[in-house]
Amino acid sequence: MTVPSALYLTEVFSEMNKGAGFLDGLALEEARAVRRAAISVNAAAGESIFRQGEPHKGIHLIETGRVRTYYIGPSGREMTLAYWTPRHYIGGPEVFGGGAHVWSATAIEDSRLSFLSAPALRHLVKSIPAFAMCIIDAMAAKGKCYSALVQMLGTRSVVERLAQLLLIMARLDGRNEGSDLLIDRKITHEQMASIVGSTRQWVTMTLKRFETGGLIRIKGNTIILLKPSELSAEV
């Protein structure tokens, strides 16, 4: 079964899912030791896993489902950082505890996670060198993710970011229908707005402009890319 990819703004498609399966480098007994140290957690769709400002107590490994991480500004406006899928972890950057969470995480569908507490992580890192390397690799992947997001927000206009988001979703979830490329992912205009840093009304208006320009076609809740190469020119 194909595991769905994470989703976030980036210019490098190839690194989109790089942090998934960061524990794959462990030997069987090492992996079992990690699993024994973890606590299983179930989160229903819409349930908070941790909140911005709460004490940092460890990390969660996503086993099933999807999780959204997001930052809440002083005005209460939310900015989506990423949608994470199975085999990724959430809960950085202070994986060994201390300080407070700098963003929030909420399950967007029923999810099962494995929680590794800060003390458990410290013990595993000291006792299993390979696990320490896995954590370093995972943190490097997360760092690249958020660096890519900062670059997109700082160097691309909001129109360019929306066009890039459509291209990313087409790359991850697109399927061909004749000469068209259909984005096979359920996502609302409000969710897209939270990713690109705009409003639902602006996203609706800009998608309509893309449609009028012959770049896409909107059919119900489905977006169809008619001219991906020309949409790329918007980026």
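According to my numbering, the sequence shown is numbered sequentially starting from 30.
No residue lacks a Cβ here, since even glycine has one placed at the ideal position from N, Cα and C.
Quiz prompt | Any 3 or more C-beta pairs closer than 8 Å across the region 54-64 and the region 118-129 | solution = no
Quiz item: Using 8 Å as the threshold, is the region 185-195 in touch with the region 137-155, meaning 3 or more CB pairs across them?
Solution: no
Self-check item: Cβ-based burial, L36 [other Cβ within 10 Å; buried from 16]
Solution: buried
Self-check item: Span of the alpha helix (DSSP H), counted from its first residue to its last, around E59
Solution: L57 to A66
Exercise. Return the residue from the list A222, K47 and L211 that minimises the CA-CA distance to L182.
Key: A222
Practice problem: Please report the residue range of the beta strand (DSSP E) in which K215 lies. | Solution: It is not in any beta strand (DSSP E) - K215 carries neither H nor E in the DSSP assignment.
Practice problem: Please report how far the alpha carbon of S186 lies from the alpha carbon of L57, in whole angstroms. | Solution: 47 Å
Quiz item: When the Cα of S208 is compared with those of T228, E240 and I253, which residue comes out closest?
Solution: I253
Quiz item: According to DSSP, what are the bridge partners of R190?
Solution: Looking at the DSSP assignment, R190 forms no beta bridge with any residue, so it has no partner.
Practice problem: For Y112, count neighbouring Cβ atoms within 10 angstroms of its own Cβ and tell me buried if that reaches 16, exposed if not. | Solution: buried
Quiz item: So, is S156 buried or exposed, given that buried needs 16 or more other C-beta atoms within 10 angstroms?
Solution: exposed
Quiz item: Skipping 5 residues on each side, what residues in its chain have a beta carbon closer than 7 Å to that of K86?
Solution: G126, S146 and A147
Quiz item: Cα separation between V96 and Q180?
Solution: 23 Å
Quiz item: Can you give, in chain order, each stretch of the beta strand (DSSP E) that sits fully within the region 70-123 and has at least 3 residues?
Solution: 77-79, 87-93, 96-101 and 107-113
Quiz item: Using DSSP with H/G/I as helix, E/B as strand and the rest coil, what is I252?
Solution: strand
Quiz item: Which partner residues does L142 have in the DSSP bridge list?
Solution: V70 and I91
Self-check item: Option nearest T20 by Cα separation, candidates G242, E263, E259 and T233
Solution: Coverage of the chain is limited to positions 30 through 264, which leaves residue 20 absent and any answer about it impossible.
Quiz item: With 7 Å set as the bound, which would you pick, yes or no: does the beta-carbon of S258 sit closer than that to a beta-carbon of chain D?
Solution: The displayed structure is made up of one protein chain only, and chain D is not part of it.
Quiz prompt | Short Cβ contact (7 Å threshold) for A136 with G94 | solution = yes
Quiz item: Grouping DSSP H, G and I as helix and E and B as strand, with all else coil, what is T241?
Solution: helix
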